[in-house]
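Peer 1: Could you have a look at this structure, given as structure tokens, before my questions?
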Amino acid sequence: MAYKDIYESWKRDPDAFWMEQAKAIDWDEMPSKALFDGNAPLYEWFADGMVNTCYNAVDRHVEQGRGDQVAIIHDSPVTHTKHEITYKELRDRVASLAGALRAKGIEKGDRVIIYMPMVPEALEAMLACARLGAIHSVVFGGFAAHELAVRIDDCKPKAIIAASCGIEPGRVVHYKPLLDGAIEQAAHKPDFCVIFQREQEVAHLEEGRDFAWHSFQYGVEPADCVPVEGNHPAYILYTSGTTGAPKGVVRHTGGHLVALNWTMKNIYNVDPGDVFWAASDVGWVVGHSYICYAPLIHGNTTIVFEGKPVGTPDAGTFWRVISEHKVRSFFTAPTAFRAIKRDDPKGEMIKKYDISCLRALYLAGERADPDTIEWARKVMGVPVYDHWWQTETGWTIAGNPAGIEALPVKTGSPTVAMPGYDVQILDEAGHEMPAGELGAIAIKLPLPPGTLPTLWNAEDRFHSSYLNHFPGYYETGDAGMKDEDGYLWIMARTDDVINVAGHRLSTGAMEEVLAAHPDVAECAVIGVTDELKGQLPLGFLCLTKGVNRPHDAIVKESVSMVRDQIGPVAAFKLAVVVDRLPKTRSGKILRATMVKIADGEDFKMPATIDDPAILDEIREALQTIGYAKG
């Protein structure tokens, strides 16, 4: 069947469509139907089924005779180590950890926080929780003590599983003092902590509270899988909120299994046994969906990579991993490719490696500018598919369904909506916009399986954040348009659509133009306050390595390019060259914080910022062009 046929079959009978997909999952009790809408708009999927995530991700592959297949490849250039874990080994390791947690009182419904670096033990901890029906909440390893404390108080874990440290290029990140500080700050105290001691740093253990990973499991009876209801929470994942308080996105078990399993073949075009690599972190949604759960549920080999796209040791690391481990499908963020392109603009390093095993590159996490896409396509010689989704949805809203049929790529568009998503472009009053016009992107309810049914202990906030603005729709917070072929174009976060003298303009469109300048490796455009026009665009340019032309000339050319391609209406006159842009650890540019600096407003230091010192550099850069308030 073609994509259009499959999409129409979903639209015609959503319940039948999703019940058919549910057959690919091993249920203890098959659900009676797919959608449960008695509490709309709080919809649930497969609510009366009984199922276990860990069984579907691990045990069933062993029982089907594939126990010797590699489940996890750990590739850690920062520690110069690599090793493999088969499905049988994974089952035994997870059952042992789950048994030890059960012996200490962890049961179905209990919360467990996981605070770990990119090691296989992080996945084992997630799966051990799932095995027992415990609800895990993974917090990015090395997160500040205060932010960890906020999450401890919100989800009230009975236990915390952590590592002694994380390894970054050139430094060790001490996790245990951060964990101790967080527990001290938090009103809620866990019953116990399990610490995975790494050889790079052996942490001090608090007597009576802390247990070393290996001795904790010694002599315990392995745990079997505990069936849970289809609407039982699998995990809580905190995402940053506009108020500064994190939002606990909930993921229900049944829909999570069904949707993720469907994506592996239909979107990422891999078969069981193929090697799949998502270069992300378990602290982010990509790490949950596409490092841990989806590849294992589908019977793939997943790569846990502990390194960076550049500097571990060089800009050829990604090519080495793809070549060495025979990766079939690769998923990362555009920011990773911008870093590689900046260090190796001609793509010379790829010539040392054979990446003929690779079918396609998938980009997500932020807007992929056409220049980065074209560079990757040219250097790698494979299709590059941008796709769009969110922490809240857990999987692709719009993408190229390469496993069904590879649709023509329109560079800059993530292609089309996936089955389950009725995506519409709305004006402020909630009316659908004509093709080609910019508006708010919303999804008609109900959202498909695998997406968030609510927020943890915050139903009112769930309504106010996502449902109230456009009744009957989920508000994505992104702005964009659809073209006459139904392709979606994500132009910016709604907050990044600026109003210049009454004209609504996308900062993303301006970034596209700037990124096409031959000397610009990466850029960002923000809207700053202007007394006359309301807002004006201001551009930040990071240059490609080796460029030594005068910055004034590059800025002048960039301004001219925007004027030529978007027009005088953009009023684009302000731009500055900077060494780097402030980003979260997942690579998203902190545009809202940059706006506050430019406008001289107070701001809260973003919890997810990679390096706070960059904000001072941004302030100094603005002062050099005479634009800094406050």
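Its first residue numbered 62, the sequence shown is counted upward by one per residue in our numbering.
Glycine included, C-beta positions come from ideal geometry on N, C-alpha and C.
1) Looking at the structure shown, is residue 528 part of a helix, part of a strand, or coil, going by DSSP?
2) Over the uninterrupted beta strand (DSSP E) stretch that includes residue 517, give me the two end residues.
3) With DSSP run on the structure shown, which of helix, strand or coil describes residue 619?
4) Taking C-beta to C-beta, are residue 574 and residue 616 nearer than 7 Å?
5) Determine the DSSP secondary structure at residue 316, reduced to helix, strand or coil.
6) Residues bridged to residue 542 by DSSP?
7) Do you know whose CA, among 583, 87, 203, 500, lies nearest residue 358's CA?
8) What is the DSSP secondary structure of residue 647, reduced to helix, strand or coil?
9) Alpha carbon to alpha carbon, how far is residue 291 from residue 320?
10) Could you tell me which of 216, 256, 360 sits nearest to residue 297, measuring between CA atoms?
11) At what residue ranges does the segment 385-434 contain a whole run of the beta strand (DSSP E), taking only runs of 3 or more?
12) Kindly indicate the opening and closing residues of the alpha helix (DSSP H) around residue 161.
13) Look up residue 294 in the DSSP assignment and say whether it is helix, strand or coil.
14) Tell me residue 130's beta-bridge partners as DSSP assigns them.
15) Below 8 Å, can you find three or more Cβ-Cβ pairs linking the segment 585-604 to the segment 541-548?
16) State the DSSP-derived secondary structure class of residue 182, mapped to helix, strand or coil.
17) With distances taken Cα to Cα, identify the nearest neighbour of residue 147 among 141, 140, 135.
18) Can residue 413 and residue 436 be called in contact, C-beta distance under 7 Å?
19) Return the CA-CA distance between residue 101 and residue 552, expressed in angstroms with no decimal places.
20) Identify the residues that DSSP records as bridge partners of residue 263: which are they?
21) When the cut-off is 7 Å and only beta carbons count, does residue 272 lie next to chain C?
22) With a 10 Å radius around its C-beta and 16 neighbouring C-beta atoms as the bar for buried, classify residue 691 as buried or exposed.
23) Can you grab the Cα-Cα spacing for the pair residue 103 / residue 529, in whole Å?
24) Can we say the segment 327-334 touches the segment 221-236, given the rule of at least three CB pairs closer than 8 Å?
25) With 16 other CB atoms within 10 Å as the buried threshold, where does residue 157 fall?
26) So residue 67 and residue 480 are supposed to be a Cβ contact under 8 Å. How far apart are they, rounded?
27) Enumerate, from N- to C-terminal direction, the unbroken beta strand (DSSP E) stretches of 3 or more residues contained entirely within the segment 574-643.
Peer 2: Per the coordinate set shown:
1) In the sequence shown, residue 528 corresponds to position 467, counting from 1. Reduced to three states, the DSSP call for residue 528 is helix.
2) Stepping through the sequence shown from its first residue, residue 517 is reached at position 456. No beta strand (DSSP E) contains residue 517, which DSSP labels as neither H nor E.
3) Residue numbering aside, residue 619 sits at position 558 when the sequence shown is read from its first letter. Residue 619: helix per DSSP, three-state reduction.
4) Within the sequence shown, residue 574 is the residue found at index 513, counting from 1. Within the sequence shown, residue 616 is the residue found at index 555, counting from 1. Taking 7 Å as the Cβ cut-off, residue 574 and residue 616 do not qualify as a contacting pair.
5) Along the sequence shown, one-based indexing puts residue 316 at 255. Three-state result, residue 316: helix.
6) The residue given as residue 542 occupies position 481 in the sequence shown. Residue 542 pairs with 550.
7) Reading the sequence shown from its first residue, position 297 is the one you call residue 358. Nearest option by C-alpha distance: 87.
8) Within the sequence shown, residue 647 is the residue found at index 586, counting from 1. Note: residue 647 maps to coil in three-state DSSP.
9) Here the question's residue 291 lines up with position 230 in the sequence shown. Here the question's residue 320 lines up with position 259 in the sequence shown. Rounded to whole angstroms, residue 291 to residue 320 spans 13 Å at the Cα level.
10) For this step, residue 297 is matched to residue 236 along the sequence shown. For residue 297, the nearest C-alpha among the options comes from 216.
11) Whole beta strand (DSSP E) segments, 3+ residues: 388-393, 421-424.
12) Numbered from its first residue, the sequence shown carries residue 161 at position 100. Per DSSP, residue 161 belongs to the alpha helix (DSSP H) from 148-164.
13) Taking the sequence shown and counting its residues from 1, one reaches residue 294 at position 233. Strand.
14) In the sequence shown, the residue the question calls residue 130 occupies position 69. Answer is none; residue 130 lacks a bridge partner.
15) no
16) In the sequence shown, the residue the question calls residue 182 occupies position 121. In the structure shown, residue 182 sits in a helix (DSSP, three-state: H, G or I).
17) Working through the sequence shown from its first residue, we reach residue 147 at position 86. Taking only the C-alpha atoms, the option nearest residue 147 is 135.
18) Numbered from its first residue, the sequence shown carries residue 413 at position 352. Numbered from its first residue, the sequence shown carries residue 436 at position 375. One thing to note: residue 413 has its Cβ no nearer than 7 Å to the Cβ of residue 436.
19) For this step, residue 101 is matched to residue 40 along the sequence shown. For this step, residue 552 is matched to residue 491 along the sequence shown. Approximately 30 Å, taken between the alpha carbons.
20) Translated into the one-based positions of the sequence shown, residue 263 becomes position 202. For residue 263, which the question treats as bridged, DSSP gives no partner whatsoever.
21) Given the protein chain composition of this structure (a single chain), no chain C is represented.
22) Here residue 691 corresponds to residue number 630 of the sequence shown, with the count starting at 1. Confidence is the limiting factor: at residue 691 the pLDDT is only 44, short of 50, which leaves the residue's position unreliable and the question unanswerable from this model.
23) Mapped onto the sequence shown, residue 103 falls at position 42. Mapped onto the sequence shown, residue 529 falls at position 468. About 13 Å.
24) Cβ pair count under 8 Å is below three, so no.
25) Walking along the sequence shown from the start, residue 157 turns up at place 96. The residue in question, residue 157, is buried, as its Cβ has 16 or more Cβ neighbours within 10 Å.
26) Taking the first residue of the sequence shown as 1, we reach residue 67 at position 6. Taking the first residue of the sequence shown as 1, we reach residue 480 at position 419. Indeed, because the Cβ distance is near 6 Å, the residues count as touching under 8 Å.
27) 581-591, 595-604, 635-638
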